[in-house]
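Asker: Please read through the structure below; I'll follow up with questions.
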Amino acid sequence: EFRQLVFSGIQPTGNLHLGNYLGALKKFVTLQDTYECIYCVVDLHSLTATLVHEDLADQTRAIAAAYLACGLDPEKSIIFNQARVPQHAELAWIFNCVARIGWMNRMTQFKDKAGKDRENASLGLLAYPSLMAADILVYRATHVPVGEDQKQHLELTRDIAQKFNNDFSARIAELGYGVEMAVGEEKVSGFFPLTEPLIEGPATRVMSLRDGSKKMSKSDPSDLSRINLTDDADAIARKIRKAKTDPEPLPSDLAGLEGRPEAENLIGIYAALADISREQVIAEFGGRQFSDFKPALADLAVATLEPIGKEMRRIAADPAYVDKVLRDGGERAAVIAEETMKKVREIVGL
Ligand code: ADP
Ligand code: NA
């Protein structure tokens, strides 16, 4: 069996928002008490869309500061930035030769980000999921907490692991590097695990506050569409007050959320922030007006996010400390990554 290990990462581009917090960061923190966890700031990924970043190092520190402010503990979890561990890029190259172009072309995130002029997108943007697979598999991680938008990339990671395991099955057996794992009913042996995504809870896909059909995203031009982790109490409350809703009161059961994406989104956010189920939110607020519900949601959001924002600013004011966390984390990560790569080089015959 593979050692249980959690890996995830966030790009150092733009402001973190409530979707990143509920879909990813909050789970990172919970998991560090039960698993060995590795959390990365994926700076190499941020070159895929925009090559020249004036402040990449500062943005990287800002994400690391957010990790720490949300409660990640560098004594428990490994926190570092991707570029410090060159084994990620080395394994990604091998995976570029394992994966097929057709697999990459099918990725919805590539289609969205490349837009109409696909021929002119960077090769890195196309190969992004291959680097993401390497990020995960260079630690042979078994679990990856992410938002729902990453599900397709996790499936591709499994496809790459499986093809590597198959293509090199004879070498892996000869070297004795195979690890037994359960795939459905079957027991199979492979070098890389088939990593499971952890996409759970009431807020795996937080939607825009202005349009219930779009996910909350840092690239949305409307600032009212998202709550940033750096927003102050007034901004948080104002955005929730202005959040789009329908004229009906809140429904009295979950089925009543059907066809009401804005209500569903706000209830999911409340549940995730309060660590309760959506049923429990409805038990409390069902039948009441949004004018009752929104102030309660705003209070809850402010109580959770305002201290995180303050802590982010406090930590970011000490860049030397953040750099030390990233450097120490990078050293620890590199030890595990190099153990994997030594074997991969042998398997491949390099
Ligand atoms: P963005 O999508 O804003 O560019 P990233 O791609 O850096 O942000 O995402 C970082 C993490 O946050 C990923 O695990 C992603 O799945 C999660 N995430 C991003 N947006 C949302 C959202 N609206 N709801 C839930 N999780 C999200
Ligand atoms: Na995303």
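Numbering of the sequence shown is given in UniProt numbering, commencing with residue 3 and proceeding in unit increments. Yeah, the Cβ is synthetic: ideal placement off N, Cα and C, and Gly gets one too. Keep in mind that this is a model prediction, so the values were computed, not measured.
1) If you count every other CB in all the chains shown that lies within 10 Å of the CB of E56, and 16 or more means buried, which is it?
2) Got a sec: does ligand 1 put a non-hydrogen atom nearer than 7 Å to the Cβ of Q13?
3) Given the structure, does V8 come close to ligand 1, in the sense that its CB is under 7 Å from one of the ligand's heavy atoms?
4) Ends of the alpha helix (DSSP H) at Y272?
5) Per the contact definition of three or more C-beta pairs closer than 8 Å, is the segment 250-263 in contact with the segment 279-295?
6) Compute the Euclidean distance between the alpha carbons of N267 and I338, then round it to the nearest angstrom.
7) So, do the segment 303-319 and the segment 56-76 have three or more beta carbon pairs nearer to each other than 8 Å?
8) Kindly identify the DSSP beta-bridge partner or partners of K241.
9) DSSP puts A184 in a beta bridge; with which residues?
10) Closest to R63 by C-alpha separation, out of G332, G331 and P14, would be which residue?
11) Who are K217's beta bridge partners in DSSP?
12) Tell me whether K217 counts as near ligand 1, meaning its Cβ is closer than 7 Å to at least one heavy atom of that ligand.
13) To the nearest angstrom, how far is it from the Cα of K216 to the Cα of P223?
14) Apart from the five residues on each side of it in sequence, which residues of its chain come closer than 7 Å, Cβ to Cβ, to F82?
15) Nearest-angstrom Cα distance between N107 and L128?
16) In this structure, does DSSP put E176 in helix, strand or coil?
17) Could you give the C-beta distance for G270 and A205, rounded to a whole number, given that I count them as a contact under 8 Å?
Answerer: The relevant details are as follows:
1) Along the sequence shown, read from residue 1 onward, the residue named residue 56 stands at position 54. That one is exposed.
2) Taking the sequence shown and counting its residues from 1, one reaches residue 13 at position 11. Yes.
3) On the sequence shown, residue 8 is found 6 positions in, with the first residue counted as 1. Incorrect: V8 has no Cβ contact closer than 7 Å to ligand 1.
4) Taking the sequence shown and counting its residues from 1, one reaches residue 272 at position 270. Segment P263 to A276, the alpha helix (DSSP H) holding Y272.
5) yes
6) Translated into positions along the sequence shown, residue 267 becomes position 265. Translated into positions along the sequence shown, residue 338 becomes position 336. Rounded to whole angstroms, N267 to I338 spans 39 Å at the Cα level.
7) yes
8) Against the sequence shown, residue 241 aligns to sequence position 239. DSSP, once it has assigned bridges, lists no residue as partnering K241.
9) The residue you call residue 184 lines up with position 182 of the sequence shown. Bridge partners of A184 according to DSSP: K189.
10) Working through the sequence shown from its first residue, we reach residue 63 at position 61. If we check each option's Cα against that of R63, P14 comes out closest.
11) For the purposes of this step, residue 217 is taken as the residue at position 215 of the sequence shown. The partner list for K217 (beta bridge, DSSP) reads M209.
12) Position 215 of the sequence shown, counting from 1, holds the residue named residue 217. Using a cutoff of 7 Å, the CB of K217 counts as near ligand 1, since one of the ligand's heavy atoms is closer than that.
13) Indexing the sequence shown from 1 puts residue 216 at position 214. Indexing the sequence shown from 1 puts residue 223 at position 221. If I take the Cα positions, the gap works out to 12 Å.
14) For the purposes of this step, residue 82 is taken as the residue at position 80 of the sequence shown. Result list for F82: C42, L328, G331, G332 and A335, in chain order.
15) The residue given as residue 107 occupies position 105 in the sequence shown. The residue given as residue 128 occupies position 126 in the sequence shown. Looking at the two C-alpha atoms, the distance is approximately 7 Å.
16) Here residue 176 corresponds to residue number 174 of the sequence shown, with the count starting at 1. Reduced to three states, the DSSP call for E176 is helix.
17) By 1-based counting over the sequence shown, the position of residue 270 is 268. By 1-based counting over the sequence shown, the position of residue 205 is 203. Going by Cβ atoms, the distance from G270 to A205 rounds to 5 Å, so yes, they are a contact pair.
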